[in-house]
Each structure stands twice: as C-alpha cells, then as structure tokens.
Amino acid sequence: MSQLELLPETPEFRIRLPKGGGYARGNLLAEFGGNGTHKFVLREGSVVAAEVWPGLGDHARRNRADLRAGGALVDAPSDPDLPQAPSRWVVTRDIECNSSSAAAALVYGYDASGPESWRTAEGHPLADYLSTGWRAPRKAWLVRGSNVSGHNLVRQLWLTEGFVSLAAAHLPPLEETDPTKSTLRRFVEDGYEGAASYNQKRGLVDELHAFLTQMRAGDTVAAIGDGRLYVGRITGDAVQASSPGGLSNLRRTVTWSPRSHAYEDLPEEVQQKLSVQHDVVDLTGVLEALDELTGQAERTAPTAAGENPTAERPATRELSLPAISEALAKDLLVHDRGWLDEVRELLVDERQLVFYGPPGTGKTFLAMKLAEYLGGGPEQVKIVQFHPSYAYEDFFEGFRPVEDPETREVAFRLTAGPLRELADLASREGNRHLPHFLIIDEINRANLARVFGELYFLLEYRDRSVRLTYSGDDFPLPPNLFVIGTMNTADRSIALVDAAMRRRFAFVELSPRTEPTAGLLARWLAREGRDPAPARLLDALNARIDDADFAIGPSYLMKPGVYRDGGLERTWRTKILPLLEEHHYGEGIDVTARYGLDSLREQLP
Numbered sequence: 014m015s016q017l018e019l020l021p022e023t024p025e026f027r028i029r030l031p032k033g034g035g036y037a038r039g040n041l042l043a044e045f046g047g048n049g050t051h052k053f054v055l056r057e058g059s060v061v062a063a064e065v066w067p068g069l070g071d072h073a074r075r076n077r078a079d080l081r082a083g084g085a086l087v088d089a090p091s092d093p094d095l096p097q098a099p100s101r102w103v104v105t106r107d108i109e110c111n112s113s114s115a116a117a118a119l120v121y122g123y124d125a126s127g128p129e130s131w132r133t134a135e136g137h138p139l140a141d142y143l144s145t146g147w148r149a150p151r152k153a154w155l156v157r158g159s160n161v162s163g164h165n166l167v168r169q170l171w172l173t174e175g176f177v178s179l180a181a182a183h184l185p186p187l188e189e190t191d192p193t194k195s196t197l198r199r200f201v202e203d204g205y206e207g208a209a210s211y212n213q214k215r216g217l218v219d220e221l222h223a224f225l226t227q228m229r230a231g232d233t234v235a236a237i238g239d240g241r242l243y244v245g246r247i248t249g250d251a252v253q254a255s256s257p258g259g260l261s262n263l264r265r266t267v268t269w270s271p272r273s274h275a276y277e278d279l280p281e282e283v284q285q286k287l288s289v290q291h292d293v294v295d296l297t298g299v300l301e302a303l304d305e306l307t308g309q310a311e312r313t314a315p316t317a318a319g320e321n322p323t324a325e326r327p328a329t330r331e332l333s334l335p336a337i338s339e340a341l342a343k344d345l346l347v348h349d350r351g352w353l354d355e356v357r358e359l360l361v362d363e364r365q366l367v368f369y370g371p372p373g374t375g376k377t378f379l380a381m382k383l384a385e386y387l388g389g390g391p392e393q394v395k396i397v398q399f400h401p402s403y404a405y406e407d408f409f410e411g412f413r414p415v416e417d418p419e420t421r422e423v424a425f426r427l428t429a430g431p432l433r434e435l436a437d438l439a440s441r442e443g444n445r446h447l448p449h450f451l452i453i454d455e456i457n458r459a460n461l462a463r464v465f466g467e468l469y470f471l472l473e474y475r476d477r478s479v480r481l482t483y484s485g486d487d488f489p490l491p492p493n494l495f496v497i498g499t500m501n502t503a504d505r506s507i508a509l510v511d512a513a514m515r516r517r518f519a520f521v522e523l524s525p526r527t528e529p530t531a532g533l534l535a536r537w538l539a540r541e542g543r544d545p546a547p548a549r550l551l552d553a554l555n556a557r558i559d560d561a562d563f564a565i566g567p568s569y570l571m572k573p574g575v576y577r578d579g580g581l582e583r584t585w586r587t588k589i590l591p592l593l594e595e596h597h598y599g600e601g602i603d604v605t606a607r608y609g610l611d612s613l614r615e616q617l618p
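Reading the sequence shown from the start, the letters are residues 14 to 618 in our numbering.
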C-alpha cells in the first residue's frame, strides 16, 4: 500500500471492544471517500469482533470476508484469563476504509456511527475533528451582550454599529473560516489556561463553534437589552477585530429591525428559549415565532417552483382546549356542565390540577376521560402511578441498566422517564398546538420533592428552563403539557402534599357529599334502568360516617357484579365494611351493626 496522507492536526482514534476484547486504532485520512467524508485507516494490530450481527449491510459483509480470505484478519490468540470472551480477529496490515463509519462497522461487526464511535485517548469524539456538515437553510440565534464585564454592548455598540459579538479576548488569529471543535478546544485550552474553569472552557468551545461555523449570513439573530428583545438578520461572516477591553473581538455584521419587543409580551415558547443561560443559544425551534414578531414570515418563507410567493400562508395553529360539550357532561353523568367548564378553565390558567377525595369517587376515571376529550384522544395521554419508592430517575430521567441489542453488553445509560418522553412528544414540531396530558395517579403516595426535583420550578414558571441534573440539557416544560393528579384523602399513612405543591396545583374536591359526585350513583342507576335502592343505601351510609375523608364513593356500586344475585351484599361485606373497619380500628365499634345493610335498610322509609 502506498504511503497514506493523514488529515493534518488530527490524533489517533480508538474503539474499545466490550468484555476486555482489546481495542482498535485508526486515523483520519486527507483523501475523501465516495460518500463525501474523509477516508479512514484501520491500523495494523487492531482487534476486531469476529462475529457478524444481523443488519450489517451486504457490502460490509463481503468486505470482511475478503479481508479474512486475504489474510488481513487473522484469529486473535485466546486469553486464558477470559475464557468466555467472544472470538476476535487481529488486523495484520493497515486497512484503508471508505469512511470512519465503514471502519467502525468492520470493528464491531454491525453498522455504527464512526464520528461518535471513534474516540481520542481523552474521550473526545471523532466528530469534533470534522468540518461542519449539513445544517438547516436558515437558523435563528440568541447572542447575549447586555452584561459583558459590566457593559451593555447591546445598547452601547450592537444596535448603533450593526453587529453582534463575542469577547474571545484570548483567541489567537484564526486561519480557518470553519474551524473544527478540536481546533477551538486547543486554542481555548492554551489561551484560557488559568482564566476559566474546565466547565467554562467546554461551554466556550461550544459557543465559539456555533458563532464561527454554524451561523451563516441570512440567519436570524436576537439580543436582549433593557428588558426588550431586538431581532435582526446576520449579513456577514465572522471576523476578528481589536476592541476596547477585548469585549467584542469576534464579530458578525447585523441589520437590526427598527422595532423591539417587551420581554413580558413575548410568546411563552420564545421566553422559554431565551431563559437558557448561555451566551449563544440556538433559537431555530422558535424561528417561526420570531418571524411573526418581526413581520418577516411572508418575506422569508421559501417558495417552490411555480408557487405564488404572495399566496397567503396558512394561519399558525394556536394551543387551545376544546369547550365542554353537552355530550361529554351527559357521558360523565355530570348534571351541571358549569362544573366541568370550571375544571377546564383551571387547566387553561394553571395547567396542572389535582382531584382529591375519598376512595371510589371516580377521580382517576374522570381524569382519564377529561384528558382524552381535551387532548383529542388517548395518543396524547400518559398515565403513571406514584408509590413510596418512586423517584426522579423513574419519573423524568436517570441512568438505568440497559442491554445493547447488538453486543448483549449491559451498561448504565441515560434513559427518559414518562414525563421526559411526553414532554419531548409535546414539543415536537407539528405537535405544539396539541394538548398533551400526564395523569399522576395517587400523587401523594411518593416523596414529591424527591420525584420532581428541579421540575418543581418549571411547574410554576412555564416560561423558563432549568439545567437538568443528569443530561445537563436546558429543559422547559412545553406549554401544551398539562398535568392532572389524583389524591386519596382516606390514606392517612402518608402526609398530604406540601405547601410548594399546593401552590403549583389547583385542587378540586370530589366528595360523595357534594356535586357532581353526590347523586352520581342515582343518575347512573336511572340510566341503566336499575332499582334506585343502592343509591339510597349509600346516602344513608355516608350520613353515618362522621369523617368526610372516609366517605364511600359511588364507584363501588357501579360495577356489573354488584347487581348479580347476592352481589350487593357481597360487595358491602368485602369492599365497604373493611374500609370502615380500618377507619374505626381500636375504637371498639361494631362496624357491621352500625354500617351493615340490615341496619341501613331499617333506617330507610
């Protein structure tokens, strides 16, 4: 093989195989392969997996077979310390691959992403050493400049002189127009040694990379100053310049819109993005909202060939909850539709509420029916049930043991919980106008502070984001995510929710003594064409119970088994009386004599 030309200023990369199987080594080549990315050389002495996994492409399979037949891949010597280790092959000569991904597939025996699989000795991915690939035709950015070493550059320089900037005071002169992250990391490590922490350096690399390589002329840019949002259009490439105090050494020219916008008047989705605490923030997710603010939507919308550019764009779909219908009220047997209207208004205003009351009052049933109706179907509804061992890692995200389907290796991976999954679904493009509901059954059975963690803040401040504990992402709760909890007030073994949760949720009582639960059983019996006697017995029972939290809800008597021969007596004996036995435990009360069917029937006229 002729001498290979390595890509300048790139290190050696490695892949470590599981179960102590050794590692493979390789380098990026200056030459490009057939798919437009740099070729890759797999080095002599590398270890690769002998087994081929299902799903590996035919070309990669043939390549492995040809290399094996040609002697480039030979059996690795067995390791007596690892008798159960999978079989491996050793590379006997340098192998030129069409891309880093092709090399990774050769090593693993299954398709894999080369830019993410190959890592430096320090753990940096190969992707950091590649030039920027595809990006959206137009993006939007927030650049912060209202407090740069105590100076408000937005007011003092950016708006008057027409640019945005980063300080970059310790960045040397750049020769590349699109430097890779690895290049920027080296400059930051050298230039900011002793002047920034490890975490600050990492954030600075990301911000410089976005400013230098991701931004383009034509992108939208936003800045906040004096409580107002200013929006403009980037018109030039990034340039380095000297500046007083080194406050604005890296610049891009901008044409600013003459109109600014009060922060408190901005759409909630825009406020959420603006709350992310970085100097450069990708706002592409709210680009359409920014265009609406500046009146640019019609002028910037791309048009297909032959399409009329002046044609009216479809109206933006707004988030809304459907009005309560008479059909829904009738289906739920709620004779006062105004009560349901009030619940809907509470959800519109608060976005989270709790149905609380004794057992059997239909809290969970009502929550599910309302969520499916207001959300437009069960696809937008997720239900979880809290319990004493439930934690943040179960509810939102955490590291859990997961088996790799290809390697069968078990490793701890960051895994999303039900709230994160639903939030991601609700915030997906095309879903933001659709209400999504999370139902938390038995919400007071868990340690709520432990379960919600920093999400406590987001329940109250929906227009903000917080840095997450595990992933480090800046996360907001989508405005179209609603939460309905249910709480059983008869369970005195657990403390009721704390003041912080009460402030964040609206609480709606469901009690057999008040509407709409009172009279529900009588209405259900009438609709089913049954004898109304069980409703009168239930009312008589609840009249004898002195504690409203231990009243018996109607759902115990709204099941088909109750109305078979002996069903009422059986339900009373096995479901209702045991609850009251527990309530009066240790008081010496004859529960059957006081609450039994015979005693209650004697009371009825």
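For every residue, glycine included, the Cβ atom is placed at its ideal position computed from N, Cα and C.
CA nearest to the CA of residue i, picked from the options
i	options	result
S646	A78, P185, F53 and W102	Within the shown structure, residues of the chain are numbered from 14 to 618, placing residue 646 beyond reach of any answer.
Y469	F408, A115 and E174	F408
D362	T307, K382 and E473	E473
E406	G389, L353 and F425	F425
D454	L366, A439, L387 and H72	L366
R549	L613, Y598 and G601	L613
S402	G599, A342 and R463	R463
L590	R441, L461 and A564	A564
I452	G411, D560, V299 and R364	R364
A116	E339, E594 and E57	E57
A73	C110, L387 and R540	C110
Beta-carbon proximity check, residue i vs residue j, cutoff 8 Å
i	j	result
R151	F26	no
I247	V267	yes
Y569	T587	no
F495	I456	no
G35	L55	no
T633	P371	Not covered by the structure: residue 633. The range shown for the chain is 14 to 618.
R265	F176	yes
L260	S113	no
L346	W66	no
G216	V234	no
S270	T307	yes
L41	D124	no
V356	W154	no
A82	V103	no
L360	L341	no
Host beta strand (DSSP E) of residue i (start-end)
i	result
E109	I108 to C110
V367	Q365 to G370
A429	V423 to A429
V61	V60 to A62
V299	Premise fails: V299 is in no beta strand (DSSP E) and is neither H nor E.
A115	First-last for A115: S113 to Y121, but that is the alpha helix (DSSP H), not the beta strand (DSSP E).
E416	E410 to E416
A236	T233 to G238
V13	Here the chain has residues from 14 to 618 only, and residue 13 is not among them.
P104	Before going further, note that residue 104 is Val rather than Pro in the sequence given. Its beta strand (DSSP E) spans residues R101 to V104.
D88	L86 to D88
S288	No beta strand (DSSP E) contains S288, which DSSP labels as neither H nor E.
Continuous alpha helix (DSSP H) stretch holding residue i: start and end
i	result
T196	K194 to G204
N76	D71 to A82
R272	Taken as a continuous stretch (DSSP letters only), R272 belongs to no alpha helix (DSSP H), being part of the beta strand (DSSP E) at L263 to A275.
M381	K376 to G388
T226	Premise fails: T226 is in no alpha helix (DSSP H) and is neither H nor E.
R157	No alpha helix (DSSP H) holds R157; DSSP gives it neither H nor E.
D344	E339 to D344
D250	Taken as a continuous stretch (DSSP letters only), D250 belongs to no alpha helix (DSSP H), as it is neither H nor E.
Open item on the list: Is it the case that the segment 543-558 contacts the segment 598-610, given that we only count it when at least three CB pairs across the two stretches are under 8 Å?
Closed with: yes
Task: Ordered list of alpha helix (DSSP H) runs contained in the segment 570-596, each at least 4 residues - done: 580-584 and 590-596
TODO: Indicate whether the contact test is met: 3 or more Cβ pairs, each with one atom in the segment 381-396 and one in the segment 481-492, closer than 8 Å.
DONE: no
Open item on the list: With three or more beta-carbon pairs closer than 8 Å as the criterion, would you say the segment 113-122 touches the segment 52-71?
Closed with: yes
Open item on the list: Contact between the segment 485-504 and the segment 435-450 is defined here as three or more beta-carbon pairs at a separation below 8 Å; is this criterion met?
Closed with: yes
Open item on the list: List, from N- to C-terminal side, the beta strand (DSSP E) runs of 3 residues or more that fit wholly inside the segment 24-68.
Closed with: 26-29, 36-45, 51-55 and 60-62
TODO: Ignoring anything shorter than 3 residues or poking outside the segment 433-483, list the beta strand (DSSP E) runs there in chain order.
DONE: 449-454
TODO: Ignoring anything shorter than 3 residues or poking outside the segment 481-549, list the beta strand (DSSP E) runs there in chain order.
DONE: 494-501 and 519-522
TODO: Kindly confirm or deny that the segment 428-443 and the segment 368-383 touch, where touching means at least three C-beta pairs closer than 8 Å.
DONE: no
Task: Three CB pairs or more closer than 8 Å across the segment 190-202 and the segment 134-142 - done: yes
TODO: Evaluate the contact criterion for the segment 285-299 versus the segment 252-259: three or more CB pairs, one atom per stretch, below 8 Å.
DONE: no
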